[in-house]
């Protein structure tokens, strides 16, 4: 699954992409959004104002293949709004993939979202440093990401650029398969 | 003869009512947005009497207005600037003293003509037609004709505006949500019947809630894919009502169609995989009701040097989802996640960034600087150097150095 570029996140379930900053989790989430919007579907990206990881940068999303005209960006003011937005988006049944920040919320909220995701047949992907205990319980798939190597072009200086990086992804929970599997993904 | 009615910008809100009132003067009225043109051919009376009748019609509006009569639309609009009437055969002499600004010429061409010593329509009309058109292009033929008082473009009658509006005032009032929705459903059914009878689809509606405490609340509903389907319209209005808090029971409802489109719902040949536009529309309305206006956005990238200048956000609409653009092949690409620029502590050695943050973390590798200079002609020019740096814990940041210090712009993730 990981070798195929993480396209096979289970539909109708909650998945998580966890890792520290620069671990490639946003790049992989963008890849999932790209696959959702490329074939005519719709994707949604819920962002939280106070997210310490910042906002997604639309030109970067575009370079990952995301069709921006099919991507709804929702700006939530507080963690509860993230859950509310995900609830409304899942309930509509119109979105294939919904990416949200992995905010801390009650078990009842994640249970409800898991049920709605199942009914809508959508991928609900939570991205963050570490999922809270309740989210870890209700997630069907948990993938941890870590930075392995960085590609720079040339020697330090003004003519050098950041070409990309390699990340290591590992499945640490899978409700429908054996939770093992590690892959190195090249980003950039 | 054409009668021109010009009003001031303050009367714009009552423009439709003014046009309706002018129907009493002439059967053919063109809506010129800033002026109305009435065809007076065949109308009994003379210009003085026509001016009196229009003045009589417009007096109740209590707005300043100007009237002019001429053999054609252009001359009538010139006449409305002061002299009021121009007889047939006197057009060229009538418009000759007017400045070039009255013609539909762009300011650049106007300036060119002034450089050639042409300042009035009379001077322009005196130029030989052929050479003038050859020098200034095909549009110049119309300018030359107008300068001679010739305007043979016929008036375009304004379309008759259809109005659909239904009200519901029952005995008593709706204090519960269920009662309100029950009343709303029957109101929507009546409006949809009207729409179907006229062969129209609703594109924009306004629901007016009249409360017992005399509060009147307007709820505007925009429909990205105009429709005349009752369940869809009801669900959309209901989604907008989710964010409304009222202090007292509702005693009356008024539903008005503000904008409508004719014909059936267009279907795309290649749209089988498109998401359900109505479901998207409903979700967007619910999101805006729950999270507030301006929270549901669409982003697109534009050209620019600074990352933060390369993004434009606008309100998302389901109609945009049918746009088909070729996207690049999907492959994992670095994602820059941006922050509001915030100041950071940074230590440099020999001009090279070495430590960042508080407490300081070592910078183990970097790329840059890339200089950006913008607005150098203004009083507040921007000059900054951007760097990509890697800290000892493996985090990749985009930072920038400006006159005021060092700033954190984003993180690669």
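Protein chains in written order, with my numbering: chain A, 14 to 201; chain B, 2 to 414. We put the CB at the ideal spot given by N, CA and C, even for glycine. Just so you know, these numbers come straight off a predicted model, no measurement behind them.
Taking a cut-off of 8 angstroms for Cβ pairs, the region 28 to 41 of chain A and the region 82 to 89 of chain A do not touch, as fewer than three such pairs fall below it. When the beta-carbon positions are compared, residue 414 of chain B and residue 66 of chain A come within less than 8 angstroms of each other. Within its own chain, the residues whose Cβ lies closer than 6 angstroms to the Cβ of residue 74 of chain A, once the five positions on either side in sequence are excluded, are 43, listed in chain order. In the DSSP assignment, the residues bridged to residue 263 of chain B are B:201.
In this structure, residue 3 of chain B lies away from residue 83 of chain B, with their beta-carbon atoms at least 8 angstroms apart. Under the 8 angstroms Cβ criterion, the region 361 to 376 of chain B counts as touching the region 388 to 405 of chain B, having at least three qualifying pairs. The Cβ neighbour count for residue 11 of chain B, taken over all protein chains shown within 10 Å, is under 16; the residue is labelled exposed. Residue 156 of chain A has a beta carbon lying at 8 angstroms or more from every beta carbon in chain B. For the pair of segments examined, the region 93 to 105 of chain B was found to touch the region 142 to 158 of chain B: the number of CB pairs separated by less than 8 angstroms reaches three.
For residue 395 of chain B, the residues of chain A that pass the 7 angstroms Cβ criterion are 35, 160, in the order they occur in the chain.
For residue 72 of chain A, the closest C-alpha among the options B:339, B:113, B:321 is that of B:339. Its Cα nearest to that of residue 30 of chain A, the residue A:144 stands out among A:120, A:144, A:178. In the three-state scheme derived from DSSP, where H, G and I count as helix and E and B as strand, residue 116 of chain A is classed as coil. DSSP, read as helix, strand or coil, puts residue 186 of chain B in helix. Taking a beta-carbon distance threshold of 8 angstroms, residue 413 of chain B counts as an interface residue toward chain A. Within the DSSP secondary-structure output, residue 123 of chain B pairs in no beta bridge. A distance below 8 angstroms separates the beta carbons of residue 126 of chain B and residue 97 of chain B. Rounded to the nearest whole angstrom, the CA to CA distance from residue 164 of chain A to residue 205 of chain B is 53 angstroms.
Judged by DSSP secondary structure, residue 106 of chain B falls outside any beta strand (DSSP E); it is assigned neither H nor E. Comparing alpha-carbon positions, the option among A:53, A:94, A:83, A:80 lying closest to residue 62 of chain A turns out to be A:94. Between the alpha carbons of residue 80 of chain B and residue 90 of chain B lies a gap of roughly 14 angstroms. Here the C-alpha atom of residue 174 of chain A lies approximately 59 angstroms from the C-alpha atom of residue 189 of chain B. With contacts defined by Cβ atoms closer than 8 angstroms, residue 159 of chain B and residue 31 of chain B form a contacting pair. Considering only A:141, A:127, A:172, A:166, the residue with the shortest C-alpha distance to residue 159 of chain A is A:141.
Here residue 406 of chain B has 344 as same chain residues with Cβ atoms under 6 angstroms from its own Cβ, once five neighbours each way along the sequence are excluded.
The beta carbon of residue 302 of chain B falls within 8 angstroms of a beta carbon belonging to chain A, placing the residue at that interface. Per the Cβ contact rule, the region 113 to 130 of chain A is not in contact with the region 289 to 297 of chain B (fewer than 3 Cβ pairs under 8 angstroms).
The beta carbon of residue 383 of chain B sits closer than 6 angstroms to the beta carbons of 375, 376 from its chain, once the five residues preceding and following it are set aside; these are given in chain order. For residue 102 of chain A, the uninterrupted alpha helix (DSSP H) run begins and ends at 92 to 105, by DSSP. When A:59, A:177, A:53 are compared, the shortest CA-CA separation from residue 137 of chain A is found for A:59. The beta carbon of residue 288 of chain B is closer than 7 angstroms to those of 296, 297 in its chain, skipping five residues each way along the sequence. For residue 153 of chain A, the closest of A:21, A:188, A:83 by C-alpha to C-alpha distance is A:188. Annotated as distal: residue 84 of chain A and residue 126 of chain A, with beta-carbon spacing of 8 angstroms or more.
Taking 3 residues as the shortest admissible run, the region 23 to 63 of chain B contains the following complete beta strand (DSSP E) segments, listed from N- to C-terminal end: 30 to 32, 36 to 40. Residue environment for residue 285 of chain B: buried (at least 16 other C-beta atoms within 10 angstroms of its C-beta). The region 305 to 324 of chain B makes no contact with the region 190 to 200 of chain A: fewer than 3 CB pairs, one atom from each, lie closer than 8 angstroms.
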